[in-house]
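Here the structure is laid out as structure tokens; the discussion comes afterwards.
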Amino acid sequence: MTRPISVRQLQCFLAVAQERSFRRAAERLAITQPPLSRQIAELETALGVRLFDRDTHSVRLTPVGEVALHRFSSLMDEFDAAVAHVAHASHQLPRLRLGVLNWVQLRGLASLENTLMAGGHASGVDARTTTTAAAMSALRKNELDAAIVLWPASMQRLRGDLVHEVPLMAFVPATSALARKRSIAVRELEALPPFYRFTRAENARMYDEFTRQYAAHGFTPVEAAGAPDALHVFAQIGAGRGCTCLPAPFSLHRYAGVQPRPLRERIMVPVVLVTHLRLPQELHDILVAATADMLKTAPEKAGRSSK
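FYI, the numbering for the sequence shown is 1329 to 1635, going by this note's numbering.
As structure tokens, then:
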């Protein structure tokens, strides 16, 4: 056999073999006779055998054609059954419930979804924004299957892997002297109290880690204030009160009266993919790789220059 054989060629052969007529086979396949004859000729050439004896009045299978009819019929039955099984399975697969921090860029979500669907792991992805604490609770209650969040304070019944890191940026009032600098040292934020940040109760692990990094660079907030959500913080800063540090993707959007500025120090925000232990390890590993690829290609603006 010197040439590949296609499913279409086998379908054409079976139609002619069962109908014993090129005309009726062509009608059954909804094609004309010339392309049907070409498919049969190409199949015979690929196999190096003659499958039909034909004249102007009849079409008969050769002895080899009889063998081909039996074997190819079984093969096509298996093929059709496999196609039906896969199609049915795709409808039975669950959709992956994915929690995502609201600042995480999801432009590559379609690629992650395609990876899961192509591997037969899910029929799709339903993403919803959340906080780290809310996502951890939802995972333990089986309300989420996976989450892209900060390192949680507790990993009880959960597993997590680092998938990305993004830098922290400063956000200051546009009317402040710091807004006119290309970059600022984190300790300079002491001049703009209060410093808005999430509370330790929300995520003790990350609160302590950021506190440690701030202190290492000489920054201890003179006055700290809770940050119920980013819009509240930006409203306060836009009104000229206070400052904050947030992940760089927040700088992709404009907020009235707020100026993002890159920090001179490297203070990174760890992004992790967390799943419950009930999720198979194989699927967790696939999600980790797909999420890392998705976030690696996401845009992260380093800040806007005022000049």
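Ideal Cβ positions, reconstructed from N, Cα and C, are used throughout, including at glycine.
All values derive from a computational prediction rather than experimental measurement.
Helix, strand or coil at residue i [DSSP, three-state]
| i | result |
| --- | --- |
| residue 1379 | coil |
| residue 1638 | The requested residue 1638 is not part of the displayed model; the chain covers only 1329 to 1635. |
| residue 1612 | helix |
| residue 1634 | With a pLDDT of only 32 at residue 1634, under the threshold of 50, the placement of this residue in the model should not be trusted; the figure read from the coordinates follows. If DSSP states are grouped into helix, strand and coil, residue 1634 belongs with coil. |
| residue 1404 | helix |
| residue 1570 | coil |
| residue 1587 | strand |
| residue 1351 | helix |
| residue 1345 | helix |
| residue 1427 | strand |
| residue 1468 | helix |
| residue 1575 | strand |
| residue 1493 | strand |
| residue 1475 | strand |
Residue i - containing alpha helix (DSSP H), residue span
| i | result |
| --- | --- |
| residue 1647 | Outside the displayed span of the chain (1329 to 1635) sits residue 1647, for which this structure offers no information. |
| residue 1541 | 1532–1544 |
| residue 1514 | Run containing residue 1514: none; DSSP gives neither H nor E here. |
Under 8 angstroms between C-beta atoms of residue i and residue j
| i | j | result |
| --- | --- | --- |
| residue 1350 | residue 1371 | no |
| residue 1480 | residue 1335 | no |
| residue 1547 | residue 1515 | yes |
| residue 1476 | residue 1429 | yes |
| residue 1423 | residue 1451 | yes |
| residue 1445 | residue 1579 | no |
| residue 1596 | residue 1495 | yes |
| residue 1600 | residue 1517 | no |
| residue 1453 | residue 1440 | yes |
| residue 1555 | residue 1572 | yes |
Assumed close pair residue i, residue j - CB separation to whole angstroms, cut-off 8 angstroms
| i | j | result |
| --- | --- | --- |
| residue 1521 | residue 1550 | 5 angstroms |
| residue 1389 | residue 1345 | 6 angstroms |
Host beta strand (DSSP E) of residue i (start-end)
| i | result |
| --- | --- |
| residue 1601 | 1596–1604 |
| residue 1520 | Neither: residue 1520 is in no beta strand (DSSP E) and is coded neither H nor E. |
Item to check | Any 3 or more C-beta pairs closer than 8 angstroms across the region 1584–1600 and the region 1565–1573 | outcome: yes
Item to check | Any 3 or more C-beta pairs closer than 8 angstroms across the region 1610–1625 and the region 1476–1496 | outcome: yes
Checklist entry - So, do the region 1394–1402 and the region 1336–1345 have three or more beta carbon pairs nearer to each other than 8 angstroms? => result yes
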